[in-house]
Amino acid sequence: MKEFSGRIAVVTGGGSGMGRELVRLLVAEGCHVAMCDVSMHGMAETRRQCAATGLPQGLRVTSHLADVSNEADVMRFRDEAAKQHATDRIHLLFNNAGIGGGGSMVVNSRDEWERTFNICWGGVYLATRAFLPLLQAADEAHIVNTSSMNGFWASIGPGAPHTAYSAAKFAVKGFSEALMTDLRLNAPHIKVSVVMPGHIGTGFRTNSLKVQTGNDSDELDARQIAQARARLTSMGKDASALSDDEIRSMLAERARRFLQDAPTSAAEAAAIILDGVKADRWRILVGSDAHLMDRMVRDDPEHAYEEQFFTRFAAAAGWHPGR
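Take UniProt numbering: the last position of the sequence shown gets the number 323, and nothing is skipped along the way.
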């Protein structure tokens, strides 16, 4: 698919981060978009930014409230999108929605762990299932699944467990690779790509905490403070010695650094992804850190989870503790 003009794309997680930037770039190329998110406010901002740059006449951009881990929500999203775009087919499916949390099987709650896994992996599976008939009905189509650098390296360093997110992203990578043969045999007009971003500058940390607790406010509530304490405990820190205000300040600073210190912006990441789709690349690495880690894990898989391995990577990639 060399161009997107006149096509219809579905984007999950379109209310922020890479999802928002994918919507903006697709719209700029004349592509109709149906996006979903758990935040109507976020999607309204995405639409506002699209409108600010000028929507081509007749272009449809629709917003749909949906939790991609809930099959009923996903099916309703599909039906609403088909109705509002007056179509029985789509050309592009970007399974982009994701959150963090549930880093530890030992310390974090089962609810938090499964919330992360069910969005990051289950959302990809459910949306692919739901939209597959519409992709099959198109003349050509492309599924774009967002995994992560954590889909080939299940860690963010020796100082923090990262199990739920990493397990989900490994699943997304494996699913996408397995789809290649399945689609070639049974739906050869549908292509698939797996996206492996490194550290991308987004509001991922803040948004993850909001989705985990269902609190869309910028003011942290007691449950969010408790989750932050559990995360600190899972990293071997004494969270009981910190006041609620100190935890709030710590979270705000980490969120700021995650956004501002990233080597790749969300807009840059979206451009790399769309260029990869146009080039028909099945494996799209995003960011110099993702390329570096890919090489390092392949070169020395036996030591990939040793502290010395991460020290070498951090020095070469410019990563720092607490990213």
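Heads up, the beta-carbon is just placed ideally off N, CA and C, and yes, glycines get one too.
On the premise that residue 35 lies in contact with residue 46, defined as a C-beta separation below 8 Å, what is that separation, rounded to the nearest angstrom? Here residue 46 corresponds to residue number 46 of the sequence shown, with the count starting at 1. Here residue 35 corresponds to residue number 35 of the sequence shown, with the count starting at 1. Correct: roughly 7 Å between the Cβ atoms.
Pull up the distance between the alpha-carbon of residue 133 and that of residue 183, whole angstroms please. The residue labelled residue 133 in the question sits at position 133 within the sequence shown. The residue labelled residue 183 in the question sits at position 183 within the sequence shown. Residue 133 and residue 183: Cα-Cα distance of roughly 13 Å.
Whole-angstrom distance between residue 248 and residue 322, CA atom to CA atom: Along the sequence shown, one-based indexing puts residue 322 at 322. Along the sequence shown, one-based indexing puts residue 248 at 248. With a pLDDT of 43 at residue 322, under the threshold of 50, the modelled position of this residue cannot be trusted; read the value that follows with caution. The straight-line gap from Cα to Cα measures roughly 15 Å.
For residue 64, which beta-bridge partners are listed by DSSP? Reading the sequence shown from its first residue, position 64 is the one you call residue 64. Residue 64 pairs with 36.
What number of angstroms, rounded off, separates the C-alpha of residue 192 from the C-alpha of residue 244? Position 192 of the sequence shown holds residue 192. Position 244 of the sequence shown holds residue 244. Using only the alpha carbons, I get a separation of about 45 Å.
In chain order, each alpha helix (DSSP H) run of at least 4 residues that lies wholly inside the segment 274-318: 288-299 and 307-317
Nearest-angstrom Cα distance between residue 91 and residue 273? Walking along the sequence shown from the start, residue 91 turns up at place 91. Walking along the sequence shown from the start, residue 273 turns up at place 273. Cα to Cα, the separation comes out at about 16 Å.
Where do the ends of the beta strand (DSSP E) carrying residue 93 lie? Taking the first residue of the sequence shown as 1, we reach residue 93 at position 93. Residues 92-95.
Neighbourhood of residue 126 by C-beta, 6 Å cutoff - its chain only, sequence neighbours within 5 removed: In the sequence shown, counting from the first residue as 1, residue 126 sits at position 126. Excluding positions up to five away in sequence, the list reads 71 and 74.
Rounding to the nearest angstrom, what Cα-Cα distance links residue 176 and residue 196 in this structure? Locating residue 176 in the sequence shown gives position 176, where the first residue counts as 1. Locating residue 196 in the sequence shown gives position 196, where the first residue counts as 1. Straight-line Cα distance between these residues: approximately 11 Å.
Label residue 227 either buried or exposed according to how many other C-beta atoms from any shown protein chain fall within 10 Å of its C-beta, with 16 as the threshold for buried. Residue mapping note: residue 227 aligns to position 227 of the sequence shown, counting from 1. Buried is the call here.
Starting from the Cα of residue 26, find the closest Cα among 60, 178 and 179 and give me that residue. Residue mapping note: residue 26 aligns to position 26 of the sequence shown, counting from 1. Nearest of 60, 178 and 179 to residue 26, Cα basis: 60.
Restricting to runs no shorter than 4 residues, where is the alpha helix (DSSP H) found entirely within the segment 205-275? 222-234 and 244-260
May I ask you to report which of helix, strand or coil DSSP gives residue 1? Position 1 of the sequence shown, counted from the start, is the residue given in the question as residue 1. Coil at residue 1, not helix or strand.
Count the other CB atoms, across all protein chains shown, that sit within 10 Å of the CB of residue 298; report buried if there are 16 or more and exposed otherwise. Here residue 298 is taken as the residue at index 298 of the sequence shown, counted from 1. With fewer than 16 other Cβ atoms within 10 Å, it is exposed.
Would you decide whether residue 308 is buried or exposed? Buried here means 16 or more other CB atoms lie within 10 Å of its CB. As a working mapping, residue 308 is identified with position 308 in the sequence shown. With fewer than 16 other Cβ atoms within 10 Å, it is exposed.
Residue of 181, 174 and 153 minimising C-alpha distance to residue 199: Looking up residue 199 in the sequence shown gives position 199. Answer by Cα proximity: 153.
Measure from the alpha carbon of residue 87 to the alpha carbon of each residue in 6, 123, 105 and 290, then state which is nearest. Reading the sequence shown from its first residue, position 87 is the one you call residue 87. Among 6, 123, 105 and 290, the Cα nearest to that of residue 87 belongs to 6.
How should residue 149 be labelled, buried or exposed, when 16 other C-beta atoms within 10 angstroms of its C-beta is the threshold for buried? In the sequence shown, residue 149 corresponds to position 149, counting from 1. When all chains shown are included, residue 149 counts as buried.
Between residue 271 and the ligand HEM, is the CB less than 7 Å from at least one heavy atom? No copy of the ligand HEM occurs in the structure displayed, which carries no ligand at all.
Determine the contact status of residue 93 and residue 128, defining contact as a CB-CB distance below 8 Å. Locating residue 93 in the sequence shown gives position 93, counting from the first residue. Locating residue 128 in the sequence shown gives position 128, counting from the first residue. Cβ distance < 8 Å, so residue 93 and residue 128 count as in contact.
Could you pull out every residue in the same chain whose Cβ sits closer than 7 Å to the Cβ of residue 281, ignoring the five residues on either side in sequence? Here residue 281 refers to the residue found at position 281 when the sequence shown is read from its first residue. Once the five neighbours on either side are set aside, the close Cβ partners of residue 281 are 193.
Could you have a look at residue 166 and say whether DSSP puts it in helix, strand or coil? Taking the first residue of the sequence shown as 1, we reach residue 166 at position 166. The answer is helix: DSSP assigns residue 166 an H, G or I state.
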